[in-house]
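Engineer:
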Amino acid sequence: VNNYRDRETDARAGKYTLAVLAGRRGAQAVYVLEMLAPFALLPALALLSGQGAKLLLPLLLLPAVWRQIGRFRREAPGPVFNELLALTAKLQFLFGVLLALALAV
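Going by the working numbering, the letters in the sequence shown line up with residues 349 to 453, in that order.
1. Let me confirm a value: Pro-391 is counted as buried when at least 16 other C-beta atoms fall within 10 Å, else exposed. Which label applies?
2. DSSP state of Glu-423, grouped into three classes?
3. CB-CB under 8 Å to Leu-446, same chain, minus the five flanking residues each way: which ones, in chain order?
4. Expressed to the nearest angstrom, what Euclidean distance is found between the alpha-carbon atoms of Val-440 and Arg-419?
5. Quick check on the DSSP output: the alpha helix (DSSP H) that includes Asp-341 runs from which residue to which?
6. Whole angstroms are fine: how far does the CA of Ala-385 sit from the CA of Asn-350?
7. So for Thr-365, helix, strand or coil by DSSP?
8. Hey, could you find the ends of the alpha helix (DSSP H) Gln-440 is sitting in?
9. Under the three-state reduction of DSSP, which class applies to Gln-376: helix, strand or coil?
10. Alpha carbon to alpha carbon, how far is Ala-412 from Leu-395? Give it in angstroms, no decimals.
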């Protein structure tokens, strides 16, 4: 999120971050992939681990993640991205907590 927010100033400064190299659309695609990939892997994890459907518990976060992706794609880079960065971290943390709880039960 912060690299996407800063990509124009980074480009002017000669920095070659992934967001600068990928461009606006490419950086957005990377964010979407990073947010959705863990959810896409849950069914395989549930099947291959023998733990079953309980490992799908983190899917409860999917609506919030989808809203976050929408905001990320809609908002113009700027101070609002500090809030988006914090919410992204919270969502990823909650994913880990829910998965850990599912594994512990």
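The beta carbon of each residue, even a glycine, is placed where N, CA and C say it ideally should be.
These numbers were taken from a predicted model, which means no experiment stands behind them.
Structural biologist: From the atom records:
1. exposed
2. DSSP, reduced to helix, strand and coil, places Glu-423 outside both helices and strands of the structure shown, so it counts as coil.
3. Closer than 8 Å at the Cβ level, and outside the excluded window around Leu-446, lie Leu-405, Pro-406, Leu-408 and Leu-409.
4. For clarity, residue 440 is Gln in the given sequence; the question names Val instead. C-alpha separation (whole angstroms): 16 Å.
5. The first residue shown for the chain is 349 and the last is 453, placing residue 341 beyond what the model contains.
6. 20 Å
7. coil
8. 428-452
9. Gln-376: helix per DSSP, three-state reduction.
10. In a straight line, the C-alpha of Leu-395 is about 25 Å away from that of Ala-412.
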